[in-house]
Amino acid sequence: MLFYTGRRSPYPYSTRWLDEFNDPGLAQKLYSGSFPLVDVTVIPDDEIMGHRSMAALTLLQKHIYRRDLADLLDNLAILLMTERMTVQQLVSLINYLVQVGETSDAEAFVRELAQRVPQHENELMTIAQQLEQKGIEKGIQLGEQRGIEKGEREATFKIARTMLQNGLDRNTVMKMTGLTEDDLAQIRH
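Heads up, my numbering is the position in the sequence shown plus 10, with the first residue counted as 1.
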């Protein structure tokens with residue numbers, strides 16, 4: 011559905027969307043039939059291994075949602091050793107693995123790949139080190155956040171204790187602090 015808000019009124023163009031193409035006949039042919047499909051999920055790995063410059067990416071795309079990509083290491087290492095791949099292609103491939111993949115330890119995967127593919131070891135180790143650094147930073151951030159949350163919770167308990175000691179009823183204390191009945195029970199002990 012098209013909602014027209016143009017300057018000319020009424021709508022001055024055809025309402026047949028194919029007429030908007032320079033070659034409506036070609037557009038009809040392209041957009042009214044079935045689209046070509048390459049379903050990598052059903053292509054055997056052995057066949058993918060023969061795809062030359064696209065083999066590594068295709069293999070990775072086929073298996074990207076596996077929890078454990080360790081089974082993929084052997085074939086991927088073979089492809090990286092035998093196929094000509096630029097550094098940018100390699101970096102793109104690994105970035106895809108890290109960003110989309112569901113592997114539990116991308117850093118370990120990249121380090122293992124670096125050991126198996128000596129000609130790309132420097133680039134892969136650089137990526138692994140960057141992943142390690144991001145993990146460290148995330149851990150520090152998480153630790154700081156948990157420390158803040160713990161400190162905030164302790165402060166809330168202290169305030170609630172003071173409120174109760176000053177005679178405020180439990181329902182008012184729970185409402186004002188967000189603590190539960192179980193939380194207030196901890197204050198007594």
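Even glycine gets a Cβ: it sits at the ideal position worked out from N, Cα and C.
Measuring C-alpha to C-alpha distances from glycine 188 to each of Asn176, Arg163 and Gly177 identifies Arg163 as the nearest. Within 10 angstroms of the beta-carbon of valine 48 lie fewer than 16 other beta-carbons, which makes it exposed. For glutamine 71, the uninterrupted alpha helix (DSSP H) segment begins and ends at 65 to 73. If you ignore the 5 residues before and after glycine 111, its C-beta comes within less than 6 Å of the C-beta of Ile74, all in its own chain and listed in chain order. For valine 48, the three-state secondary structure derived from DSSP is coil. Inter-residue distance for threonine 190 and arginine 171 is about 13 Å (C-alpha atoms, whole angstroms). Boundaries of the alpha helix (DSSP H) around valine 101: 97 to 110. Residue range 55 to 58 is occupied by the alpha helix (DSSP H) that includes isoleucine 58. In the structure shown, the three-state DSSP call for serine 19 is coil. Take isoleucine 169, set aside five residues on each side of it, and the residues of its chain with a beta-carbon closer than 8 Å to its own are Thr187, in chain order. In the structure shown, phenylalanine 167 falls within a helical segment according to DSSP collapsed to helix, strand and coil.
Secondary structure note for tyrosine 41: its alpha helix (DSSP H) is the uninterrupted segment 34 to 42.
By the criterion of a C-beta distance shorter than 6 Å, glutamine 38 is surrounded in its chain by Leu28, once the five residues flanking it on both sides are discounted.
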